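K.L.:
This structure is in structure tokens; I'll ask about it shortly.
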Amino acid sequence: MSRTPTDTTGTAGTRADEPPGAAPDPAAATAEAAAGWRKVPVLIVGLTALLAAMLTAFALPAINSGPHKVPIAVAGPGPAADRVADRLAEARPGAFRVTKVPDAAAARHRVDDRKAYGAVVLGTAPGDKPEVLVATTAGPSVAATLRALAPSLDPAAPRPSVAVHDLHPPTKDDPNAAGLAAGALPLVLGGYLATVAIVMLLRRPAQRAAASLGFSVLAGFALSAVLQYGFGVTDGDYVLIALAVTFNTAATSVTIMGLHSLLGGPGLGLGAAMMIFLGNPLSGLASGPEWLPSGWGTFGQFLPPGAGGTLLRSTAFFDGAGCGRALLVLSCWLVGGLVLFAVGSRRATAVRVQAS
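In this text, residue positions in the sequence shown follow our numbering: the first is 80, and each later residue adds one.
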């Protein structure tokens with residue numbers, strides 16, 4: 080005859096095999112209290128260290144931000160282009176990486192293709208004034224720096240002599256091009272929390288996969304609608320923008336889900352470290368990766384928030400130009416997350432079968 084399992088503990092801290100009303104064991108209660116008090120300093124120190132790490136991750140890149148080898152183009156005769164490059168190097172040492180192009184059309188193409196953040200076009204005839212091309216939506220901080228440096232390109236002339244043209248200006252509802260930057264943390268944090276909810280509330284791998292896919296698609300189109308039709312941050316092809324947000328969200332969600340499937344709770348912590356503590360401050364969405372300390376911006380572009388931000392900016396303002404590497408990076412994270420999810424799910428299934 081089979082026996083039904085019974086709880087080993089009764090009420091008020093007594094064991095089930097003890098007589099009803101028996102007094103709790105003082106030694107056990109003392110040991111339990113002592114163990115709890117030992118956890119208090121560990122918890123205090125651990126949470127403080129976590130808070131300090133968060134502050135460092137978010138503040139350090141901002142404190143050390145500034146232009147670092149920002150790619151710009153210079154169009155004009157060789158000697159004149161060399162003089163402009165020298166002036167830029169003197170004004171902001173190490174700030175720009177200058178590429179010489181033959182004419183104004185080539186300079187515009189580099190900006191349109193996101194190969195340069197701006198350009199300086201020099202006149203070919205005597206008396207021609209230089210022209211500065213910027214793309215505010217590519218990086219507001221870079222555009223502001225080029226505007227400020229424009230007068231130094233023709234120091235003998237009054238300030239208005241150097242014309243500045245914005246090839247990719249922000250929308251009228253977001254004149255400072257700050258909307259995407261403001262939405263960076265909510266996008267990353269929202270995707271992370273949604274995935275945590277999925278893995279906590281659903282147990283079957285197929286259900287988790289379906290929920291992650293459905294959330295990514297719905298969130299991509301909903302968030303893009305808010306950005307474009309609610310706040311007026313973007314004014315490009317809505318479907319293209321929504322697909323970019325969907326792809327970014329899917330890469331983030333599947334990666335976190337895969338880490339949890341393989342590692343359990345620590346996987347969620349690792350996902351938070353990659354996506355929120357590292358990925359968000361190093362994404363460069365606010366200013367451009369070249370505005371972060373040398374090497375940090377490049378590293379950030381290999382994490383989903385950085386690659387997703389580049390993909391979103393390219394699709395929203397540049398008709399998809401310059402998004403090739405971002406697509407490749409997000410694809411690698413998506414495939415890697417799927418592999419982790421499959422391995423972890425198969426291992427969990429094998430354990431359940433063996434236990435039964």
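Ideal placement from N, C-alpha and C gives every residue a C-beta, glycine not left out. From a predicted model like this one, the values you see are computed outputs, not experimental measurements.
Just to confirm, are ALA214 and HIS188 a CB contact at a threshold of 8 Å?
P.N.:
No, these two residues do not count as a Cβ contact at 8 Å.
K.L.:
Pairing CB atoms from the stretch 321-337 with CB atoms from the stretch 360-367, are three or more of them under 8 Å?
P.N.:
Cβ pair count under 8 Å is below three, so no.
K.L.:
Under a three-way DSSP split, which group does HIS147 fall into?
P.N.:
Three-state DSSP puts HIS147 in coil, outside helix and strand.
K.L.:
Which residues does DSSP list as the beta-bridge partners of VAL211?
P.N.:
BP columns for VAL211 point to VAL199, VAL243.
K.L.:
Below 8 Å CB to CB, which residues in the same chain sit around THR325 once its five sequence neighbours on both sides are set aside?
P.N.:
If we look at THR325 and ignore the five residues flanking it on each side, its Cβ neighbours are SER295, VAL296, ALA298, GLY299, PHE300.
K.L.:
Within its chain, find whatever has a CB closer than 6 Å to the CB of LEU167; leave out the 5 residues flanking it on each side and keep chain order.
P.N.:
The residues are PHE175.
K.L.:
Does DSSP put ALA429 in a helix, a strand or coil?
P.N.:
Here ALA429 sits in helix by DSSP.
K.L.:
Please name the residue in THR109, ALA131, GLY173, ALA154 whose C-alpha comes closest to that of GLU369.
P.N.:
The shortest Cα separation from GLU369 among THR109, ALA131, GLY173, ALA154 belongs to GLY173.
K.L.:
Can you find the residues in the same chain that come closer than 8 Å, C-beta to C-beta, to LEU292, ignoring five residues on each side of it along the sequence?
P.N.:
Taken in chain order, the residues that qualify are ALA329.
K.L.:
Run through DSSP, which three-state label would ARG287 get?
P.N.:
DSSP places ARG287 in helix when its eight states are reduced to three.
K.L.:
DSSP state of ARG455, grouped into three classes?
P.N.:
Any question about residue 455 goes unanswered here, given that the chain covers just 80 to 435.
K.L.:
What number of angstroms, rounded off, separates the C-alpha of SER303 from the C-alpha of PRO254?
P.N.:
Between SER303 and PRO254, the C-alpha separation is close to 18 Å.
K.L.:
Within 10 Å of its beta-carbon, does ALA456 have 16 or more other beta-carbons around it, so buried, or fewer, so exposed?
P.N.:
Not covered by the structure: residue 456. The range shown for the chain is 80 to 435.
K.L.:
Taking the straight line between their C-alpha atoms, what separation do you get for GLY401 and LEU272?
P.N.:
Taking the straight line joining both Cα atoms gives about 30 Å.
K.L.:
Can you list, in chain order, the residues of its chain whose CB lies under 7 Å from that of HIS339, leaving out five sequence neighbours each side?
P.N.:
Excluding positions up to five away in sequence, the list reads VAL278, GLY346, LEU347.
K.L.:
Just curious, the alpha helix (DSSP H) that VAL278 is in, first and last residue?
P.N.:
That run of the alpha helix (DSSP H) goes 263-280.
K.L.:
Mind checking ARG287: buried by the 16 CB within 10 Å criterion, or exposed?
P.N.:
Result: buried.
K.L.:
Can you tell me whether GLU210 is buried or exposed? The criterion is at least 16 other CB atoms within 10 Å of its CB, across all chains shown.
P.N.:
With 16 or more Cβ atoms within 10 Å of its Cβ, GLU210 is classed as buried.
K.L.:
May I ask which residues mark the beginning and end of the alpha helix (DSSP H) holding ARG193?
P.N.:
No alpha helix (DSSP H) contains ARG193, which DSSP labels as neither H nor E.
K.L.:
In the DSSP assignment, what are the bridge partners of ARG176?
P.N.:
Answer by DSSP bridge pairing, in chain order: PRO150.
K.L.:
Terminal residues of the continuous alpha helix (DSSP H) containing GLY358?
P.N.:
No alpha helix (DSSP H) holds GLY358; DSSP gives it neither H nor E.
K.L.:
If you compare alpha carbons, which of LEU342, PRO372, VAL432, LEU390 is closest to GLY416?
P.N.:
Ranking LEU342, PRO372, VAL432, LEU390 by Cα distance to GLY416 puts LEU342 first.
K.L.:
State the Cα-Cα distance for the pair GLY89 and ALA276, rounded to the nearest angstrom.
P.N.:
In this prediction, GLY89 has a pLDDT of 45, which is less than 50 and means its spatial position is unreliable; what the coordinates show is noted afterwards. The alpha-carbon atoms of GLY89 and ALA276 are separated by roughly 33 Å.
K.L.:
Name the two residues that bound the continuous alpha helix (DSSP H) containing TYR317.
P.N.:
That run of the alpha helix (DSSP H) goes 317-342.
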